[in-house]
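Going by full-length UniProt numbering, 83 is the number at position 83 of the sequence shown; the sequence numbering is gapless. Yeah, the Cβ is synthetic: ideal placement off N, Cα and C, and Gly gets one too. Working notes, structure below.
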Amino acid sequence: MVRALFLLKVCFQASLRENSPVIRAKALRAVSIIVEADPEVLCDKRVQLAVEGRFCDSAISVREAALELVGRHIVSHPDVGLKYFEKVAERIKDTGVSVRKRAIKIIQDMCTSRDNFSEFTSACIEIIMRVTDDESSIQDLVCKTFYEFWFEEPSGSQARIFSNGSSVPMEVTKKAEQIVDMLRRMPNYQLLVSVIKRNLTLDFFPQSTKAAGINPVLFARFINVEESTTDQSELQTLPYVLVLHAFCVVDPTFCAPASDPSQFVVTLQPYLKSRGNNRAVAQLLESIIFIMDSVFPLLQKLQLSVIEELEQDLKHMIVRHSFMTVVHACIKCLCSVTKVAGKGSVAIEYLIQLFFKHLYNHGAENKQQLGWSIFCLGLLIRYGNSLLSLTNSRRFDIASSLSLFKRYLKMDDFVLKVRALQALGFVLIARPEFMLEKDIGEIIEATFSSDADSRLKMQALENMYEYLLDAESQMGTEKTVDTAAQCPQEGNSTTVPVAAGAGDSNICGGIIQLYWNKILDRCIDFNEQVCQTVLKIVEVALRQGLVHPITCVPYLIALETDPQEVNSKLAHHFLMIMNEKYPSFFETRLGDGLQMSFIFIQIINGGSSEGANSTNFRGLGNMRGRSECAALSQARLGVSRIYKLIRGNLNSRNKFMSSIVRKFDNPQWNNSVIPFMMHCTEILALLPFTLPDEPLSLIFSINRIIQVRAGSIEANLKAFCSRLFLRGSQGIDHENGVIQQDQFAQTFFGNVGAVDLNGSAQEDSFCQQIYGHMGPLDLDVRIPPEAVDKLHTNAGDYVDGKTHFSLSTEPCGLSDNDLQKIQVDCLAAIALQLLLKLKRYLKIKYALSDAQCQAFSPTESVKSGETLPRQNIPFTLGTTQTDLPSTPQEVLPRYQEFKNALREDTIDYGIYTSCIKPKRPAPRRISKRPLAGDDEDDCDEDYAGEARLTSSSNRRSSYRRRQPC
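Structure representation (structure tokens):
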């Protein structure tokens with residue numbers, strides 16, 4: 001029996017080394033029969049190593065089968081699961097959705113199969129990290145898992161009694177401690193907030209049961225730990241307060257029990273007294289103050305002694321505390337306390353005057369203290385605006401505050417400048433109508449400009465983001481107005497009552513639209529943090545319906561090509577939603593998006609003055625500023641993801657193709673127009689085509705442009721060259737004589753007796769003498785250097801320099817206007833040459849014949865079962881001209897290049913590519929992969945043979961001009 005088991009293990013390990021993933025998966029399923037009889041086999045060291053090795057298999061099916069093998073026996077044999085826990089937990093981050101799901105379910109079974117699972121906290125941390133997973137089904141699974149862990153209604157009757165007399169089930173106490181243990185090892189509570197919020201929407205049991213469950217336990221445990229701990233008590237109590245903070249973010253009623261709503265406020269208030277000055281204490285105070293501030297609007301009344309003591313504690317911390325997050329929370333809470341007490345704005349006015357005097361009468365003081373005062377003054381105006389407006393205080397003037405912040409914005413000290421901009425943002429949140437004024441608008445636009453320092457741009461964008469969130473929060477505030485004990489709001493006409501500009505003034509929508517273009521321009525900023533902040537603004541603006549979605553599409557497409565994965569993923573998420581809701585908007589802006597992505601790539605590669613600004617670089621770890629090759633690779637991945645979004649819809653796909661190809665039709669000259677068209681050409685060549693109609697659709701769009709534009713461009717270039725020849729042949733002064741036409745022709749064209757520009761055999765002779773032989777399948781159509789040298793030599797100085805012959809504008813009588821007109825045609829010719837290269841590449845790579853191209857119709861439905869053959873041929877543009885001719889003699893080579901490109905477009909490449917034998921697939925290598933260069937060499941050899949086949953002299957003489965295919 002032992003020998004048989006040993007042989008089975010050997011066969012099992014050997015089968016796992018098979019090249020075929022199907023065999024490896026079957027081996028794992030087959031061994032499950034043995035494991036059914038004796039699950040302890042999985043504890044064998046060699047079997048464990050073999051199974052764990054398949055957890056990292058290259059095939060998703062094998063990884064899933066390995067997890068299935070282990071997960072099937074977790075409940076019956078918990079010790080087996082413990083041995084595999086670490087490796088299974090790693091699979092929660094797997095790229096396969098099914099693998100991630102199976103790993104989460106296995107870990108869930110590990111946690112529930114035994115009461116005191118030693119790795120429970122680690123398991124919770126691993127699972128909660130996937131609550132932000134890209135796959136919605138994974139998010140649902142995570143939330144369902146934690147619902148079963150913590151939020152199910154307790155079944156036991158055993159209760160625990162705390163010192164304050166409260167009694168809760170022991171099961172709930174255990175769950176509360178589990179949450180605290182998890183949060184103790186996490187950096188923040190944001191993921192916990194997401195889990196709580198999603199579980200509250202499930203409504204599996206009454207809301208009151210949830211609120212009366214875990215929160216009282218947490219509150220009682222916080223008090224017990226605080227009283228029993230003497231040294232560094234904040235480190236022990238902080239996790240309890242953070243969990244309460246997370247529940248309060250989701251719903252403040254959790255911290256306001258129906259029996260005594262003011263319990264949390266009254267009990268927590270003494271803990272604001274003087275404490276140490278470290279980060280843990282600051283975080284504890286911030287959470288306590290946040291809980292109290294959230295509960296205040298729910299209170300009908302509060303003891304006067306508590307209010308007065310709380311005001312004194314808050315004012316003391318505002319003036320003395322060194323952490324800005326604590327000061328921010330204190331100012332916000334103080335304004336809320338003042339509203340509840342109904343005492344007016346006395347306390348707020350006192351602090352405002354205190355900081356005003358400090359800022360107006362400062363001398364050579366500490367810059368940090370000045371920045372502190374600016375920060376506090378801005379917050380007091382933001383949160384105390386409603387109180388100050390009601391009292392009509394003569395001691396406060398909003399205009400003087402704005403003047404003060406403008407003065408500090410003009411200072412040389414950059415720290416004070418950023419702090420003043422932040423304070424100005426606080427004021428504008430309270431009084432948004434000032435953003436419509438000219439002087440404030442100029443400040444905002446200046447900070448949004450590309451020339452501004454990144455820190456100023458970041459702060460200005462943060463100001464706008466905070467304003468939008470504040471406007472959005474007003475909807476939630478209005479729902480609690482009837483139940484909150486707040487001061488009357490009559491006369492307050494400056495606040496934004498409803499998000500999304502739904503108020504009478506519609507001020508929110510007007511403001512965001514006023515600055516929207518400036519904000520979108522920062523989507524393609526060099527600094528990735530600036531881009532992330534803009535994306536947050538875009539998300540809020542689209543959610544509130546403040547802007548038209550079509551305006552965002554080009555910028556989001558550009559961010560798809562961002563090397564920063566965070567930005568590209570978020571942009572792709574927005575584009576997915578937009579494609580589902582507004583497909584027509586999405587399709588019409590794809591071409592503009594590609595142009596925006598090209599600009600973005602130039603910026604992140606340091607192609608602009610902004611990119612060269614040293615303040616925008618992040619150091620050696622920065623992913624931006626990379627090589628053009630890496631940027632193209634990232635752009636290709638981004639555009640491929642976008643193409644996959646619309647691939648399934650025939651109309652969307654056709655619009656995608658045509659929107660990009662239209663960029664080649666009648667291009668307008670600028671320094672980047674030709675590099676941009678080259679960028680588009682490379683992107684189109686590398687799209688992930690899977691069906692024959694996809695490249696055929698692209699060729700169809702190309703042919704439409706060529707058929708319309710090629711004839712007129714060729715005619716214009718031909719007429720210009722003919723005119724140039726005739727003007728030069730009329731004779732040029734040479735001392736006392738002239739150079740006759742034959743001598744001119746001999747000088748300029750060499751031994752050509754007559755030149756016929758109609759493309760006949762004489763033209764071939766002309767081309768052969770000037771340019772030499774050019775293979776018709778050369779993807780890199782170019783003029784050989786020696787031909788260019790010959791042309792310039794023949795058209796240059798003549799007869800030992802005594803006669804200077806040059807095809808410049810002056811000797812030939814050509815005006816600058818004539819040259820500008822022909823430059824437009826040369827630019828259009830370059831655009832069409834790029835399209836022709838792309839078309840030739842597609843026909844060769846996918847073995848498309850002229851008959852297929854001619855028979856294709858974009859309106860026809862896709863035929864099922866069609867396959868798309870492909871050749872492994874790299875795409876290259878070669879030496880494409882990136883500038884326009886500056887002198888007349890440079891026009892003739894451009895014309896000849898264009899003629900060659902049109903002539904080669906008549907070749908049916910499908911005839912020759914069908915003759916190429918497909919290479920055998922390389923055998924699977926475990927230890928070493930074949931180099932990519934080897935594949936390229938093989939492709940080059942096949943391609944060279946193909947070129948030799950098509951360059952026979954007999955075929956060349958039979959070329960005829962016909963419609964492109």
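Inset, instruction - Using three-state DSSP, classify residue 113 as helix, strand or coil. - result: One-based indexing of the sequence shown puts residue 113 at position 113. Helix at residue 113.
Inset, instruction - Output yes or no for whether 8 Å exceeds the beta carbon distance between residue 323 and residue 282. - result: Reading the sequence shown from its first residue, position 323 is the one you call residue 323. Reading the sequence shown from its first residue, position 282 is the one you call residue 282. Contact flag set, yes.
Legend entry - Alpha-carbon spacing of residue 434 relative to residue 440, whole angstroms: The sequence position of residue 434 within the sequence shown is 434, counting from 1. The sequence position of residue 440 within the sequence shown is 440, counting from 1. Looking at the two C-alpha atoms, the distance is approximately 7 Å.
Inset, instruction - Note down, in chain order, each residue of its chain lying with its Cβ closer than 7 Å to the Cβ of residue 20, except the 5 sequence neighbours on either side. - result: Counted from its first residue, the sequence shown places residue 20 at position 20. If we look at residue 20 and ignore the five residues flanking it on each side, it has no Cβ neighbours.
Legend entry - Buried/exposed call for residue 459, threshold 16 Cβ in 10 Å: In the sequence shown, counting from the first residue as 1, residue 459 sits at position 459. Label assigned to residue 459: buried.
Legend entry - Sub-8 Å separation of residue 114 and residue 67 beta-carbons: Taking the sequence shown and counting its residues from 1, the one referred to as residue 114 is at position 114. Taking the sequence shown and counting its residues from 1, the one referred to as residue 67 is at position 67. Not closer than 8 Å, so no.
Inset, instruction - Return the CA-CA distance between residue 297 and residue 659, expressed in angstroms with no decimal places. - result: Indexing the sequence shown from 1 puts residue 297 at position 297. Indexing the sequence shown from 1 puts residue 659 at position 659. Their backbone Cα atoms lie some 54 Å apart in a straight line.
Inset, instruction - Would you mind reading off the limits of the alpha helix (DSSP H) that contains residue 669? - result: Sequence index remark: in the sequence shown, residue 669 carries index 669 (1-based). Taken as a continuous stretch (DSSP letters only), residue 669 belongs to no alpha helix (DSSP H), as it is neither H nor E.
Legend entry - Rounded C-alpha distance that separates residue 737 from residue 888: Mapped onto the sequence shown, residue 737 falls at position 737. Mapped onto the sequence shown, residue 888 falls at position 888. In this predicted model, residue 737 has a pLDDT of only 43, less than 50, meaning its place in the structure is not dependable enough to derive any value.
Inset, instruction - Please classify residue 833: does DSSP put it in a helix, a strand, or coil? - result: Taking the first residue of the sequence shown as 1, we reach residue 833 at position 833. Correct three-state label for residue 833: helix.
Inset, instruction - Would you mind working out which of 108, 257, 259 sits nearest residue 124, comparing C-alpha positions? - result: Sequence index remark: in the sequence shown, residue 124 carries index 124 (1-based). The shortest Cα separation from residue 124 among 108, 257, 259 belongs to 108.
Legend entry - Distance CB(residue 571)-CB(residue 597) smaller than 8 Å: Within the sequence shown, residue 571 is the residue found at index 571, counting from 1. Within the sequence shown, residue 597 is the residue found at index 597, counting from 1. Taking 8 Å as the Cβ cut-off, residue 571 and residue 597 do not qualify as a contacting pair.
Inset, instruction - Would you mind stating whether residue 685 and residue 875 have Cβ atoms separated by less than 8 Å? - result: Position 685 of the sequence shown, counted from the start, is the residue given in the question as residue 685. Position 875 of the sequence shown, counted from the start, is the residue given in the question as residue 875. It is a contact, given that the beta carbons lie within the stated cut-off.
Legend entry - Proximity below 8 Å, CB of residue 330 to CB of residue 295: Position 330 of the sequence shown holds residue 330. Position 295 of the sequence shown holds residue 295. No. Outside cutoff.
Inset, instruction - Decide if residue 841 is buried, meaning its Cβ has at least 16 other Cβ atoms within 10 Å, or exposed. - result: If you number the sequence shown from 1, residue 841 lands on position 841. It is buried - the Cβ of residue 841 has at least 16 other Cβ atoms within 10 Å.
Legend entry - Inter-residue Cα distance where the pair is residue 382 and residue 835: Within the sequence shown, numbered from 1, the residue matching residue 382 stands at position 382. Within the sequence shown, numbered from 1, the residue matching residue 835 stands at position 835. Answer to the nearest angstrom: the Cα atoms are 57 Å apart.
Inset, instruction - Figure out for me which residue from 702, 868, 289 has the closest Cα to the Cα of residue 248. - result: In the sequence shown, counting from the first residue as 1, residue 248 sits at position 248. Among 702, 868, 289, the Cα nearest to that of residue 248 belongs to 289.
Inset, instruction - Please list, in chain order, all residues of the same chain as residue 32 whose beta carbon is under 7 Å from its beta carbon, the five residues on each side excluded. - result: Locating residue 32 in the sequence shown gives position 32, counting from the first residue. So the list reads 69, 72, once near-sequence residues are dropped.
Inset, instruction - Please list the segments of the beta strand (DSSP E) lying wholly inside the region 539-614, counting only runs of 3 or more residues, in order along the chain. - result: none
Legend entry - chain B within 8 Å of residue 96, Cβ atoms only: Absent from the structure: chain B. Only one protein chain is present.
Inset, instruction - Confirm, please, whether the CB-CB distance from residue 26 to residue 52 is below 8 Å. - result: Mapped onto the sequence shown, residue 52 falls at position 52. Mapped onto the sequence shown, residue 26 falls at position 26. Result no, Cβ atoms of residue 52 and residue 26 do not sit closer than 8 Å.
Inset, instruction - Give the range of the alpha helix (DSSP H) segment to which residue 77 is assigned. - result: Counting from 1 along the sequence shown, the entry for residue 77 is found at position 77. Looking at the DSSP string, residue 77 is not in any alpha helix (DSSP H), and its letter there is neither H nor E.
Inset, instruction - Within the same chain, show all residues whose beta-carbon is closer than 7 Å to that of residue 700, passing over the 5 residues directly before and after it, in chain order. - result: Within the sequence shown, numbered from 1, the residue matching residue 700 stands at position 700. Correct list, in chain order: 856, 858.
Legend entry - Selection from 651, 554, 522, 653 that minimises the alpha carbon distance to residue 604: Translated into positions along the sequence shown, residue 604 becomes position 604. Of the candidates 651, 554, 522, 653, the one whose C-alpha sits nearest the C-alpha of residue 604 is 522.
Inset, instruction - Taking the CB atoms as reference points, tell me whether residue 345 and residue 359 lie closer together than 8 Å. - result: As a position in the sequence shown, residue 345 is number 345, starting the count at 1. As a position in the sequence shown, residue 359 is number 359, starting the count at 1. It is not a contact, given that the beta carbons lie outside the stated cut-off.
Inset, instruction - Please say whether residue 214 and residue 246 have beta carbons closer to each other than 8 Å? - result: On the sequence shown, position 246 is the one that residue 246 refers to. On the sequence shown, position 214 is the one that residue 214 refers to. For residue 246 and residue 214, no; Cβs fall outside 8 Å.
Inset, instruction - Determine the extent of the alpha helix (DSSP H) in which residue 221 is found, giving its start and end residues. - result: Position 221 of the sequence shown holds residue 221. Residues 214-228.
Inset, instruction - Output the distance between the C-alpha atoms of residue 315 and residue 348, rounded to the nearest integer angstrom. - result: Looking up residue 315 in the sequence shown gives position 315. Looking up residue 348 in the sequence shown gives position 348. For residue 315 and residue 348, the distance between alpha carbons rounds to 9 Å.
Inset, instruction - Give every residue of the same chain whose Cβ lies closer than 7 Å to the Cβ of residue 384, excluding the five residues on either side of it in the sequence, and list them in chain order. - result: In the sequence shown, counting from the first residue as 1, residue 384 sits at position 384. Closer than 7 Å at Cβ, skipping near neighbours: 335, 345, 348.
Inset, instruction - Compare the Cα-Cα distances from residue 545 to each of 513, 675, 824, 903 and report the closest residue. - result: The count along the sequence shown starts at 1 and reaches residue 545 at position 545. Out of 513, 675, 824, 903, 513 has the C-alpha closest to the C-alpha of residue 545.
Inset, instruction - Taking all protein chains shown into account, decide if residue 149 is buried (16 or more other Cβ within 10 angstroms of its Cβ) or exposed. - result: Counting from 1 along the sequence shown, the entry for residue 149 is found at position 149. Result: buried.
Legend entry - Cβ contact (3+ pairs, closer than 8 Å) linking the region 538-552 and the region 456-474: yes
Inset, instruction - For residue 595, count neighbouring Cβ atoms within 10 angstroms of its own Cβ and tell me buried if that reaches 16, exposed if not. - result: Here residue 595 is taken as the residue at index 595 of the sequence shown, counted from 1. By the neighbour-count rule (16 or more Cβ atoms within 10 Å), residue 595 is buried.
Inset, instruction - Give the straight-line distance between the Cα atoms of residue 111 and residue 531, rounded to the nearest whole angstrom. - result: Counting from one through the sequence shown, the residue named residue 111 turns up at place 111. Counting from one through the sequence shown, the residue named residue 531 turns up at place 531. Cα-Cα distance, rounded: 41 Å.
Inset, instruction - Give the straight-line distance between the Cα atoms of residue 408 and residue 457, rounded to the nearest whole angstrom. - result: Within the sequence shown, the letter at position 408 stands for residue 408. Within the sequence shown, the letter at position 457 stands for residue 457. Cα to Cα, residue 408 sits roughly 17 Å from residue 457.
Inset, instruction - Indicate the three-state DSSP secondary structure (helix, strand or coil) for residue 321 in the structure shown. - result: Walking along the sequence shown from the start, residue 321 turns up at place 321. Three-state result, residue 321: coil.
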